[in-house]
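Reading through the structure tokens given below for one structure.
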Amino acid sequence: MRICSFLFPSEHSGTSPAARFGGTARMAMMATAMLVPGVVAHAATYPAALLPPNSTAQAWGVSARIDHAAHDCTVHATIDQARFTTQMPQMIAAGIFSARLTPDLIRSTPHYLMNTLQTDISPGFVHALFTQTGAPARCRFTWDYVAPGPSGALISHPMLSFDVTRATHDRIDWPHLKFGDMADHEDAVSVDRIFDAQVNQETLDITMALAHDGTDTDAPP
3 MRICSFLFPS EHSGTSPAAR FGGTARMAMM ATAMLVPGVV AHAATYPAAL LPPNSTAQAW
63 GVSARIDHAA HDCTVHATID QARFTTQMPQ MIAAGIFSAR LTPDLIRSTP HYLMNTLQTD
123 ISPGFVHALF TQTGAPARCR FTWDYVAPGP SGALISHPML SFDVTRATHD RIDWPHLKFG
183 DMADHEDAVS VDRIFDAQVN QETLDITMAL AHDGTDTDAP P
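This is the structure:
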């Protein structure tokens, strides 16, 4: 089951499910254009880099590469948790996350927040890939995050993976794609059991923290 975190995209998306996914909801491509520049530019030739040098996404801890060995296609996307956490004030200022996020919530809910970011960025990677000249008919997209282990060396932790076909990509109304809509277009979704449990627990933690503070918010779907 694909996990999606919906409490803390930016203030632009409203607070209720109706507002969040209705006509006034924030479009996924707003963040995509900021984080994955080039998806709105002319098509590159596959397999071109999905992120240009010095992109905003890289500054905020996101990297991506295409593996096309043996005629297969896999996009490997990674979040550097330490850089991601450090850059949260900049992401809040840019409207990617809500200003209601306190430093304590940021520190205590990193998996929830990283899952929210991948939900926001995944459509950009899908669109950037399948608009390349010579793109394959299908590609697998995998997400992980890296964090220091006991020795200080970075350790990779799986998040989730999914397939998207070029035919599915071509049917999507990209200018009007809303936050979270990409999940309906993914095949063979696989969510890491540990990451799933962490996101679910942190979702509960955020919901309870906001309720305790008197903030009016609805639980995620």
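Counting from 3, one number per residue, gives the positions in the sequence shown under our numbering.
Cβ atoms here follow ideal geometry from the backbone N, Cα and C, with glycine treated the same way.
Fair warning: this is a prediction, and the values are worked out from it, not measured in the lab.
- If you keep only unbroken beta strand (DSSP E) runs of at least 3 residues inside the region 51–90, you get 64–69, 76–82.
- By a beta-carbon distance limit of 8 Å, HIS159 does not contact ASP172. Their separation comes to about 33 Å.
- Under the 8 Å Cβ criterion, the region 125–137 does not count as touching the region 103–114, having fewer than three qualifying pairs.
- Beta-bridge annotation (DSSP): ASP165 is paired with ARG142, ASP189.
- Shown here for GLN83: same chain residues with a beta carbon closer than 8 Å to its own, the five before and five after excluded, namely GLY63, PRO112, MET116, TYR147, VAL148, ALA149 in chain order.
- Straight-line spacing of the CA atoms in THR167 and GLN92 works out to 34 Å.
- ALA66 places its beta carbon less than 7 Å from that of ALA79.
- Per DSSP, the unbroken alpha helix (DSSP H) holding ARG109 starts and ends at 105–110.
- In the displayed model, ILE196 falls within a helix according to three-state DSSP.
- When rounded, the separation of the alpha-carbon atoms in VAL191 and THR121 is 13 Å.
- Excluding sequence positions up to five before and after MET90, its CB lies within less than 6 Å of the CB of ILE108, all in the same chain and listed in chain order.
- A residue is called buried when at least 16 other Cβ atoms come within 10 angstroms of its Cβ; MET184 meets this threshold and is buried.
- A Cβ-Cβ distance of about 21 Å is found for the pair PHE132 and MET161, leaving them out of contact under the 8 Å criterion.
- In terms of Cα proximity to ALA96, the closest of ALA71, THR76, ALA59 is ALA59.
- Less than 7 Å divides the Cβ of ASP165 from the Cβ of ASP189.
- When only Cα atoms are considered, VAL193 and VAL201 end up about 11 Å apart.
- Judged by DSSP in its simplified three-state form, THR133 adopts coil rather than helix or strand.
- The Cβ neighbour count for ALA137, taken over all protein chains shown within 10 Å, is at least 16; the residue is labelled buried.
- ALA51 is positioned such that its CB atom lies no closer than 7 Å to that of THR135.
- The alpha-carbon separation between TYR48 and ALA155 amounts to approximately 33 Å.
- In this structure, the straight-line span from the alpha carbon of THR76 to that of THR144 is close to 7 Å.
- Counting only residues of its own chain and dropping the five nearest sequence neighbours on each side, HIS70 has a CB closer than 6 Å to the CB of PRO49.
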